[in-house]
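**Student:** This structure is in structure tokens; I'll ask about it shortly.
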Amino acid sequence: KAGVTQTPRYLIKTRGQQVTLSCSPISGHRSVSWYQQTPGQGLQFLFEYFSETQRNKGNFPGRFSGRQFSNSRSEMNVSTLELGDSALYLCASSLGTQNQPQHFGDGTRLSIL
Amino acid sequence: GEDVEQSLFLSVREGDSSVINCTYTDSSSTYLYWYKQEPGAGLQLLTYIFSNMDMKQDQRLTVLLNKKDKHLSLRIADTQTGDSAIYFCAEVNAGNMLTFGGGTRLMVKP
Chain A
1 KAGVTQTPRY
11 LIKTRGQQVT
21 LSCSPISGHR
31 SVSWYQQTPG
41 QGLQFLFEYF
51 SETQRNKGNF
61 PGRFSGRQFS
71 NSRSEMNVST
81 LELGDSALYL
91 CASSLGTQNQ
101 PQHFGDGTRL
111 SIL
Chain B
1 GEDVEQSLFL
11 SVREGDSSVI
21 NCTYTDSSST
31 YLYWYKQEPG
41 AGLQLLTYIF
51 SNMDMKQDQR
61 LTVLLNKKDK
71 HLSLRIADTQ
81 TGDSAIYFCA
91 EVNAGNMLTF
101 GGGTRLMVKP
């Protein structure tokens, strides 16, 4: 069974631009969650999507948004990029029912110049 | 509020046992997880324990949970150089959101 796939692996953008990251979950998984990992703040929850609906949201500004498609693939968008958005963005998928373990992809490393 | 804490660093010799500790604050957590992160990679799920259990063993890994003290530990028996990585404990809330500790960097010396 293929794992969680995130594309692209690396991105370089400049301040003010926008970016879209993609995540394909494990087959059969309906929940996709996004996390941001930085050296200063560690791992922080962004949002979770289940059956094309945002089910949970972390404490991030509205510049961070996402969506989920009918095949459970998810995209995350960040607009008006800031230097502080440089991070490893991790996607995790699970079956989506209560307390099912989340499995992570290798992440997209975003660098803002 | 939720807060998960871990020590920053642990160094052991190859063949010894490693014990990584974690404390958490959310008593409503039903599951607690251990993830491993190697350089340039994402998080690999190692093991998890249900909150009504005290111990779980999985090959070289043993998880101990003291619910009264909200203390979780991961013991790695016969630690190998390939075990060198950052280890994260995490708790999950009712909203299926993982709250992570800051990670413990394990260094295994040959």
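Protein sequences appear in the order of chains A and B. Take the first sequence: its letter number 17 is residue 17 in the numbering used here, and every next letter is one higher. Take the second sequence: its letter number 28 is residue 28 in the numbering used here, and every next letter is one higher. All residues carry an ideal CB built from backbone N, CA and C; glycine is no exception. Computed from a predicted model, the values in this text were never measured in an experiment.
Give the single residue among Asn96/B, Asp83/B, Gly101/B, Met53/B whose Cα lies nearest to the Cα of Pro110/B.
**Tutor:** Locating residue 110/B in the second sequence gives position 110, counting from the first residue. The shortest Cα separation from Pro110/B among Asn96/B, Asp83/B, Gly101/B, Met53/B belongs to Asp83/B.
**Student:** Could you please give me the residues that DSSP links to Gln44/A through a beta bridge?
**Tutor:** Counted from its first residue, the first sequence places residue 44/A at position 44. Paired residues: Gln36/A.
**Student:** When the Cα of Val133/B is compared with those of Tyr33/B, Val19/B, Ser18/B, which residue comes out closest?
**Tutor:** In the structure as shown, chain B starts at 1 and stops at 110, and residue 133/B therefore has no counterpart that could be examined.
**Student:** Should Ser11/B go down as buried or exposed, given a rule of 16 or more other Cβ atoms within 10 Å for buried?
**Tutor:** Locating residue 11/B in the second sequence gives position 11, counting from the first residue. Ser11/B is exposed by the Cβ-count criterion.
**Student:** Per DSSP, what kind of secondary structure is Asp58/B in: helix, strand or coil?
**Tutor:** Taking the second sequence and counting its residues from 1, the one referred to as residue 58/B is at position 58. Here Asp58/B sits in strand by DSSP.
**Student:** Kindly indicate which three-state DSSP category Leu113/A falls into: helix, strand or coil?
**Tutor:** Position 113 of the first sequence, counted from the first residue, corresponds to residue 113/A. Three-state result, Leu113/A: coil.
**Student:** Which one of Arg55/A, Val78/A, Asn71/A, Phe50/A has the shortest CA to CA distance from Arg63/A?
**Tutor:** Sequence index remark: in the first sequence, residue 63/A carries index 63 (1-based). Nearest of Arg55/A, Val78/A, Asn71/A, Phe50/A to Arg63/A, Cα basis: Val78/A.
**Student:** Starting from Gly42/A, find everything on chain B with Cβ-Cβ shorter than 9 Å and list it in chain order.
**Tutor:** As a position in the first sequence, residue 42/A is number 42, starting the count at 1. What Gly42/A touches in chain B: Phe88, Phe100, Gly101, Gly102, Gly103.
**Student:** Can you confirm whether Gly1/B, when its beta carbon is compared against all beta carbons of chain A, has any partner nearer than 9 Å?
**Tutor:** Translated into positions along the second sequence, residue 1/B becomes position 1. Below a pLDDT of 50, predicted positions are generally treated as unreliable, and Gly1/B, at 47, falls in that range; the measurement from the model is reported next regardless. It does not; no Cβ of chain A falls within 9 Å.
**Student:** For Ser73/B, report the span of its beta strand (DSSP E) as first-last.
**Tutor:** Here residue 73/B is taken as the residue at index 73 of the second sequence, counted from 1. Per DSSP, Ser73/B belongs to the beta strand (DSSP E) from 71 to 76.
**Student:** Excluding the five sequence neighbours on either side, which residues of its own chain have a C-beta within less than 7 Å of the C-beta of Gln98/A, listed in chain order?
**Tutor:** Along the first sequence, one-based indexing puts residue 98/A at 98. Same-chain partners within the cutoff: there are none.
**Student:** Helix, strand or coil, according to DSSP, for Gly105/A in the structure here?
**Tutor:** Indexing the first sequence from 1 puts residue 105/A at position 105. Coil.
**Student:** Using a Cβ-Cβ distance cut-off of 9 Å, determine whether Thr62/B contacts chain A.
**Tutor:** Sequence index remark: in the second sequence, residue 62/B carries index 62 (1-based). Thr62/B does not count as touching chain A.
**Student:** Whose C-beta lies closer than 7 Å to the C-beta of Lys67/B among residues of the same chain, with five residues either side of it excluded?
**Tutor:** As a working mapping, residue 67/B is identified with position 67 in the second sequence. Cβ neighbours of Lys67/B beyond the five flanking positions: Ser51.
**Student:** Grab me the residues of Asp16/B's own chain with a C-beta within less than 7 Å of its C-beta, minus the 5 sequence neighbours each way, in chain order.
**Tutor:** Translated into positions along the second sequence, residue 16/B becomes position 16. Cβ neighbours of Asp16/B beyond the five flanking positions: Thr79.
**Student:** In chain A, which residues lie with their C-beta within 7 Å of the C-beta of Leu43/B?
**Tutor:** Looking up residue 43/B in the second sequence gives position 43. The answer, in chain order, is Leu90, Phe104.
**Student:** Is there a C-beta anywhere in chain B that falls below 9 Å from the one on Ser33/A?
**Tutor:** Here residue 33/A refers to the residue found at position 33 when the first sequence is read from its first residue. Taking Cβ atoms only, chain B reaches closer than 9 Å to Ser33/A, which makes this a yes.
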